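Colleague:
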Amino acid sequence: MMEKHERRSIEMLEYVFSPDDEIFLSALLSLAFRLRKQGKFVEAEGYYQRALTGNEATSEKNSFFSFHIMLLFSELLRDMDDPEGAERYLRQSIPGIERIKGRNHELTLSGVHILGELMQSRASFEEAEKLFSRAWNGRKQVLGPHESETLSSLQGLAICLQRRGQYCHSERLFREALIGYEAAFGRSDPKTLECVFNTSRVIYQQERYKDARELFERAVAERDRLLKTDTEESLVKLIGEGICLRLKGKLRASEKYNPQGRRRPRKNEGKGPWVNTCKFEQPGNNSSTSRQMEKSYRASGRGCRRDREDLWPLLS
Numbered sequence: 001m002m003e004k005h006e007r008r009s010i011e012m013l014e015y016v017f018s019p020d021d022e023i024f025l026s027a028l029l030s031l032a033f034r035l036r037k038q039g040k041f042v043e044a045e046g047y048y049q050r051a052l053t054g055n056e057a058t059s060e061k062n063s064f065f066s067f068h069i070m071l072l073f074s075e076l077l078r079d080m081d082d083p084e085g086a087e088r089y090l091r092q093s094i095p096g097i098e099r100i101k102g103r104n105h106e107l108t109l110s111g112v113h114i115l116g117e118l119m120q121s122r123a124s125f126e127e128a129e130k131l132f133s134r135a136w137n138g139r140k141q142v143l144g145p146h147e148s149e150t151l152s153s154l155q156g157l158a159i160c161l162q163r164r165g166q167y168c169h170s171e172r173l174f175r176e177a178l179i180g181y182e183a184a185f186g187r188s189d190p191k192t193l194e195c196v197f198n199t200s201r202v203i204y205q206q207e208r209y210k211d212a213r214e215l216f217e218r219a220v221a222e223r224d225r226l227l228k229t230d231t232e233e234s235l236v237k238l239i240g241e242g243i244c245l246r247l248k249g250k251l252r253a254s255e256k257y258n259p260q261g262r263r264r265p266r267k268n269e270g271k272g273p274w275v276n277t278c279k280f281e282q283p284g285n286n287s288s289t290s291r292q293m294e295k296s297y298r299a300s301g302r303g304c305r306r307d308r309e310d311l312w313p314l315l316s
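Under full-length UniProt numbering, the first residue of the sequence shown is numbered 1, with each subsequent residue one higher.
Put into structure tokens, the structure is as follows:
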């Protein structure tokens, strides 16, 4: 309903104001933002392009409003899997907003955080670490240490350190973020549980399997309680338990945690390297769709091999 009213208001404003008027451009941005949140990216892109074109016709190309449009458009391009375009607009808008509003303005820090996410997704972890560090320190001063945006930047920094192999430092930051999420949102909030999973992962990478398992089981138990189910989540819990046992060298003990209750094939048993721990191999699931999904899953190289140690992607 709101979207319909906004479309109607844009049609009316178009008759009253020129295409480069700030009131008309603000209406375009409002509708584009709403469409983006609804997943209508192509239509939202059209309205953002209209706003950019209209703003370029004014004499204030380097105004705060102009840089704000670029920042909003960069978020849409990121959602549309266009990291190059998003990065281009971010690198134009961040210095402009910083020059006009200051280094620690909320929009400046928001742009820095988004650019950090882009660099992280492109494996530029060194630059991403600097960006997340700047965003976290700035947001901590401006918004407070337990705000969602601050904790998001802190967790992004911890992930960068984890990817660079600095597990101890990463764990310390994850635990700090976890304390913040628990204080701000509670133990059962999805953001808190995501942080618990991330913390357990970095502890797992340090081969402290008991501590990792305790955190992992806590997250699964909370998620089970929220979802009121014990089917898929219990399966995930069993897979996690098996990983911890196997990496400690207890291969025979880990066999009983195979989700289907089958023992692992021996070396020359003729079944190949695949172990029946893939999520498509559920008991009684013999549909052609399931077999097709399993086939494509294995062909992609993401299946579960007997010698594969890192199964954490299956746990999230």
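We put the beta carbon where it would ideally sit given N, CA and C, even for glycine. Model, not experiment: these values are computed from the prediction.
1. State the Cα-Cα distance for the pair Arg-78 and Leu-118, rounded to the nearest angstrom.
2. Where does Asn-276 sit, in a helix, a strand or coil, going by DSSP?
3. Going by the beta-carbon positions, is the gap between Val-202 and Ser-170 smaller than 7 Å?
4. So, are the CB atoms of His-146 and Gly-180 less than 7 Å apart?
5. Rounding to the nearest angstrom, what Cα-Cα distance links Arg-99 and Gln-92 in this structure?
6. Go ahead and label Ser-74 buried or exposed: buried means 16 or more other beta carbons lie within 10 angstroms of its beta carbon, across all protein chains shown.
7. Quick one, which of Arg-164, Arg-103 and Ala-158 has its alpha-carbon nearest Arg-139's?
8. Nearest by alpha-carbon distance to Arg-164: which of Leu-178, Ala-123 and Val-142 is it?
9. Just to confirm, is the Cβ distance from Leu-178 to Ala-219 under 7 Å?
10. Kindly list the residues whose CB is nearer than 6 Å to the CB of Lys-256, restricted to its own chain and excluding five residues on each side of it in sequence; keep chain order.
11. Where does the unbroken alpha helix (DSSP H) through Leu-72 begin, and where does it stop?
12. Is the distance from the Cβ of Phe-65 to the Cβ of Gly-96 below 7 Å?
13. Alpha carbon to alpha carbon, how far is Glu-214 from Glu-182?
14. Closer than 6 Å: is that where the CB of Leu-173 sits relative to any heavy atom of the ligand COA?
15. For Cys-168, is the classification buried or exposed, using 16 other Cβ atoms within 10 angstroms of its Cβ as the cut-off for buried?
16. Label Arg-36 either buried or exposed according to how many other C-beta atoms from any shown protein chain fall within 10 Å of its C-beta, with 16 as the threshold for buried.
17. Do Tyr-47 and Leu-28 have their C-beta atoms closer together than 7 Å?
18. Using the Cβ count rule (16 or more neighbours within 10 Å means buried), how would you classify Thr-53?
19. With 16 as the cutoff for other CB atoms within 10 Å, does Lys-248 come out buried or exposed?
20. Determine, using beta carbons only, whether Phe-185 and Gly-156 come nearer to each other than 7 Å.
21. Just verifying my parser: in three-state terms, what is the DSSP assignment at Pro-145?
22. Taking the alpha-carbon positions, what's the Cys-195 to Leu-161 distance?
23. Quick check: the Cα distance between Ser-30 and Glu-106, rounded to an integer number of angstroms?
24. Where do the N-terminal and C-terminal ends of the alpha helix (DSSP H) with Asn-198 fall, by residue?
25. If you measure between the beta carbons of Leu-173 and Leu-143, is that distance less than 7 Å?
26. Report the residue from Phe-41, Gly-39, Ala-32 and Asn-137 whose alpha carbon sits nearest the alpha carbon of Ala-51.
27. Leaving out five residues before and five after Asp-189 in sequence, what residues of the same chain have Cβ atoms less than 7 Å from its Cβ?
28. Of the residues Glu-176, Arg-134 and Gln-120, which one's Cα is nearest the Cα of Ile-94?
29. With C-beta atoms as the reference, is residue 335 less than 7 Å away from Ala-44?
Modeller: Taking the definition as stated:
1. 8 Å
2. The predicted position of Asn-276 is uncertain, since its pLDDT is 36 and thus under 50; a value taken from the coordinates is nonetheless stated next. In the structure shown, Asn-276 sits in coil (DSSP, three-state: anything other than H, G, I, E or B).
3. yes
4. yes
5. 12 Å
6. buried
7. Arg-103
8. Ala-123
9. no
10. Because the pLDDT of Lys-256 is 46, which lies under 50, any placement of that residue in the model is unreliable, and the question is left without a value.
11. 64-79
12. no
13. 17 Å
14. Only the bare structure without any ligand can be found here, which leaves the ligand COA out of the picture.
15. exposed
16. buried
17. yes
18. exposed
19. At Lys-248, the pLDDT of 43 sits below 50, so the modelled position is not reliable and the matter cannot be decided from this model.
20. no
21. coil
22. 15 Å
23. 19 Å
24. 190-205
25. no
26. Ala-32
27. Tyr-181
28. Arg-134
29. Coverage of the chain is limited to positions 1 through 316, which leaves residue 335 absent and any answer about it impossible.
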